[in-house]
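**Q**
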Amino acid sequence: MPTPDNATIIEGQRQDWNRVAGGWEKWDRLFEEQMAFVNHRLVADARLHTGLNVLDLGSGTGYPALLGAQVVGPAGSVVGMDLAEQMLAAAERKAKRLGLNNISFRTGDVTSLPFEPNSFDAITSRFCLMFLPEIPKAASEIARVLKPGSWVAAAVWSAPDKNPSIGLSMAAIKQVIELPPPDPTAPGIFRLAKPGELAGLFQQAGLVDVTDQDFLADWTYGSADEYYTSLIEIAAPVQNLMAKLTDAQKQDVKQRILQAASNYTRGGRIVFPMAIRIVAARKPV
Ligand SMILES: C[S@@+](CC[C@H](N)C(=O)[O-])C[C@H]1O[C@@H](n2cnc3c(N)ncnc32)[C@H](O)[C@@H]1O
Numbered sequence: 025m026p027t028p029d030n031a032t033i034i035e036g037q038r039q040d041w042n043r044v045a046g047g048w049e050k051w052d053r054l055f056e057e058q059m060a061f062v063n064h065r066l067v068a069d070a071r072l073h074t075g076l077n078v079l080d081l082g083s084g085t086g087y088p089a090l091l092g093a094q095v096v097g098p099a100g101s102v103v104g105m106d107l108a109e110q111m112l113a114a115a116e117r118k119a120k121r122l123g124l125n126n127i128s129f130r131t132g133d134v135t136s137l138p139f140e141p142n143s144f145d146a147i148t149s150r151f152c153l154m155f156l157p158e159i160p161k162a163a164s165e166i167a168r169v170l171k172p173g174s175w176v177a178a179a180v181w182s183a184p185d186k187n188p189s190i191g192l193s194m195a196a197i198k199q200v201i202e203l204p205p206p207d208p209t210a211p212g213i214f215r216l217a218k219p220g221e222l223a224g225l226f227q228q229a230g231l232v233d234v235t236d237q238d239f240l241a242d243w244t245y246g247s248a249d250e251y252y253t254s255l256i257e258i259a260a261p262v263q264n265l266m267a268k269l270t271d272a273q274k275q276d277v278k279q280r281i282l283q284a285a286s287n288y289t290r291g292g293r294i295v296f297p298m299a300i301r302i303v304a305a306r307k308p309v
């Protein structure tokens, strides 16, 4: 199969994430509760404080942009960028509910930022950079628009074996249909999982004082059924694979996923370990 060009990959991402935007809004509470530590860590690593002007890349439904806006306060501002206008529409609704007037959202590709050099006091990004076809270009753009001395902090998924809640659905699909071996250089959930990978790209872009850390946590669901339903409704890459299946195969995959998830039962709930890589770096003065 020919490799799609970068514009096709980006348009595919836009359509994929727009398609699952309703699911993200529906399951927002689950994210808010369980992923709050990632937002707080990013805000800390990007050194946010009152009055800063911040850019959040791939904001989706507003993480961590909304927390950023609360931290920088009315004297500061946050711009949240994303390809998917429907994800951003959900983020806008949340900002309104929170009464935040210092945050704006704009659609666009984070590999070509529509900003002047040295525009931002800090940059954050959660679970976006691994989906880009040209990550080095995004790293250069980050370095270009950051002000000298300012910080970027980005979260990506760590290794698949440390994140079984993602891996087991892929494994179940592979038991039912043959999938080509994943291309480790193609955009995808685990593209930046390896230690040093994103850190190295930040260094190549001229950033310094780079830190690269794995954070371990639990990801808890009320039941295997809740896990399955939320996964199917929010995980665009999993949805794409499920779309290749017949109805009978979908049922088969569902049973396999429910069975595999039940192996993680603890105290009547489904508790998966998870690991998230957070990489931070500073633009030299
Ligand atoms: C897994 S979601 C994460 C959203 C949010 N940051 C969060 O953590 O909840 C990935 C987001 O990255 C966005 N994205 C993917 N490629 C992008 C690109 N090239 N430019 C801008 N956004 C992109 C998608 O549209 C999607 O909203």
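Per this note's numbering: the sequence shown = residues 25 to 309.
All residues carry an ideal CB built from backbone N, CA and C; glycine is no exception.
1. Among the residues of its own chain, which have a CB less than 7 Å from the CB of ILE213, if the five just before and after it don't count?
2. Can you tell me whether LYS307 is buried or exposed, with buried defined as 16 or more other CB within 10 angstroms of its CB?
3. Between which two residues does the alpha helix (DSSP H) harbouring TYR87 extend?
4. Do PHE129 and ligand 1 come close, with the Cβ less than 6 Å from some heavy atom?
5. Quick one: grab the DSSP three-state call for PRO172.
6. Unbroken alpha helix (DSSP H) runs of length 4 or more, entirely within the stretch 102–187: which are they?
7. What three-state label does DSSP hand ILE355 in the structure shown?
8. Name the DSSP beta bridge partners of THR244, please?
9. Using DSSP with H/G/I as helix, E/B as strand and the rest coil, what is VAL309?
10. Tell me, to the nearest whole angstrom, how far the beta carbon of ALA299 is from that of GLY230; I am working on the premise that it is less than 8 Å.
11. Could you tell me the alpha carbon to alpha carbon distance between HIS73 and ILE281, rounded to whole angstroms?
12. Ignore the nearest five residues each way along the sequence and tell me which others in ALA142's own chain have a CB closer than 6 Å to its CB.
13. Across which residues does DSSP place GLN237 in a beta bridge pair?
14. Between the alpha carbons of GLY220 and GLN227, how many angstroms are there, rounded?
**A** Judging by the given coordinates:
1. MET154, TRP181, ILE190 and PRO261
2. Buried is the call here.
3. Per DSSP, TYR87 belongs to no alpha helix (DSSP H) and is neither H nor E.
4. no
5. strand
6. 109–121 and 159–169
7. Any property of residue 355 remains undetermined from this structure, which presents the chain solely from 25 to 309.
8. VAL295
9. The three-state secondary structure of VAL309, taken from DSSP, is coil.
10. Contact between ALA299 and GLY230 fails: their C-beta atoms lie close to 28 Å from each other, not under 8 Å.
11. 43 Å
12. Note that residue 142 is Asn in the sequence shown, not Ala. Here the set comprises LYS171.
13. According to DSSP, GLN237 bridges with ILE302.
14. The alpha-carbon atoms of GLY220 and GLN227 are separated by roughly 10 Å.
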